[in-house]
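Student: A single structure is presented below for examination.
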Amino acid sequence: MTPKIAFVTDFDGTISDDDFFTYIARRYFDDKALTPWREYLSGTKTHFEALREMFSKLRAPETELKSFISEIYTDKEFVRTVALCFDKNIPVFICSAGCDYYINILIGEVIKNYRITLVTNNGKYDGKQGLLISKPDKTSPYYDEAVGISKASIVRKLQSEGFKVIYAGDGPPDIEAARLADYVFAKKILLEKCREEGIKTLPFRSFADISKFIKEV
Ligand SMILES: [Mg+2]
């Protein structure tokens, strides 16, 4: 019998080509505005808290911000991959330590059309208070205090339901999920980390590589 397969993917730097935080920092933030990020890197602030503080400093008119976001590159092969999963009854999860505000602007239609489950923080934009993010409810099975959501807990839950999990990601917040996943597609820092830890990874330049794999499972 073919095993039940689920596909779990990161968003920033995996479906898009860089972190949303990096995009807006380049455009809207000066060096001082990046202090919360440095605090996160030095371990004095959580990932969620650093993003919350920085995102709240955004002050662009919303129409401008939305058009800036819509220019962010996303891998066009991603749509083909999720269409393939849809045809094969493979559930797809996008898990992001960022927030739904920009993800929905970029691929909201795809998420709806292919019934993808988006697990992330909630984001609302207000011209006077910036991009306000909030964590999911504490009762969510994927809740995490430091990040908002736990990517590893998504993988763990699917495996407990009998799924073999394909995971795709690019950054340090993906490592715990990659350690658990049955098949790992990694690039950038995640690929280096997986190699350091001896985690078996599959080649991954674009989602075309993932489609090719899914066609054969
Ligand atoms: Mg990422």
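Taking our numbering, the leading residue of the sequence shown gets 2, the next gets one more, and so forth.
Yeah, the Cβ is synthetic: ideal placement off N, Cα and C, and Gly gets one too.
Predicted, not measured: the structure shown is a model, and the values here were computed from it.
Quick one: Cα of A98 to Cα of E217, how far?
Tutor: Distance between the alpha carbons of A98 and E217: 30 Å.
Student: Per DSSP, which one or two residues make a beta bridge with Y184?
Tutor: Per DSSP, I167.
Student: Thinking C-alpha only, which one of N90, E72, P92, L42 is nearest S104?
Tutor: A small correction: the amino acid at residue 104 is Ile; Ser does not occupy that position in the sequence shown. Among N90, E72, P92, L42, the Cα nearest to that of I104 belongs to E72.
Student: For the beta strand (DSSP E) containing T15, name the first residue and the last one.
Tutor: That residue, T15, is in no beta strand (DSSP E); it is neither H nor E in DSSP.
Student: Between which residues of its own chain and A179 is the CB-CB distance below 7 Å, once the five residues before and five after are set aside?
Tutor: Once the five neighbours on either side are set aside, the close Cβ partners of A179 are Y168, G170, V185, A187, L191, C195, I200.
Student: Tell me the rounded alpha-carbon separation between A61 and D20.
Tutor: About 19 Å.
Student: At what residues does the beta strand (DSSP E) containing G124 begin and finish?
Tutor: Residues 118-127.
Student: Flag G163 as yes when its Cβ comes closer than 7 Å to any non-hydrogen atom of ligand 1, and as no otherwise.
Tutor: No, the beta carbon of G163 sits no closer than 7 Å to any heavy atom of ligand 1.
Student: Are there any heavy atoms of ligand 1 lying less than 7 Å away from the beta-carbon of D13, as far as the coordinates show?
Tutor: Checking every heavy atom of ligand 1 against the Cβ of D13, one is found closer than 7 Å.
Student: If we count the other Cβ atoms within 10 Å of its Cβ and call it buried at 16 or more, is K152 buried or exposed?
Tutor: Buried, by the Cβ-count rule.
Student: Please say whether R28 and S212 have beta carbons closer to each other than 8 Å?
Tutor: The answer is no: Cβ separation not under 8 Å.
Student: Pull up the DSSP beta-bridge partners for K189, would you.
Tutor: Paired residues: none, contrary to the question.
Student: Would S57 and L133 qualify as a contact pair, given that the criterion is a beta-carbon distance under 8 Å?
Tutor: Yes, these two residues count as a Cβ contact at 8 Å.
Student: Could you compute how far the alpha carbon of D18 sits from the alpha carbon of D76?
Tutor: The alpha-carbon atoms of D18 and D76 are separated by roughly 8 Å.
Student: Who are the near neighbours of R157 in its chain, counting only those whose CB is closer than 7 Å to its CB and skipping five residues on each side?
Tutor: Correct list, in chain order: L181.
Student: From the DSSP output, in three-state form, read off T36 for me.
Tutor: In this structure, T36 counts as helix in the three-state DSSP scheme.
Student: Which residues in the same chain have their Cβ closer than 8 Å to the Cβ of I117, if we skip the five residues on either side of it in sequence?
Tutor: Cβ within range, chain order: V83, V93, F94, I95, V111.
Student: Indicate whether I6 and K165 have their beta-carbon atoms separated by less than 8 Å.
Tutor: Against a cut-off of 8 Å, the Cβ pair of K165 and I6 comes out as a contact.
Student: Helix, strand or coil, according to DSSP, for L159 in the structure here?
Tutor: Of the three classes helix, strand and coil, the one that applies to L159 here is helix, per DSSP.
Student: Could you please give the first and the last residue of the uninterrupted beta strand (DSSP E) stretch that includes I134?
Tutor: Taken as a continuous stretch (DSSP letters only), the beta strand (DSSP E) holding I134 covers 131-135.
Student: So, are the CB atoms of G149 and K139 less than 8 Å apart?
Tutor: The answer is no: Cβ separation not under 8 Å.
Student: If distances are taken between C-alpha atoms only, which option among E198, E197, I215 comes closest to F205?
Tutor: Looking at the Cα atoms, I215 is the closest of the given residues.
Student: Going along the chain, which unbroken runs of the alpha helix (DSSP H) with 4 or more residues stay wholly within the region 63-98?
Tutor: As far as the region 63-98 is concerned, its whole alpha helix (DSSP H) runs of at least 4 residues are 63-71, 78-88.
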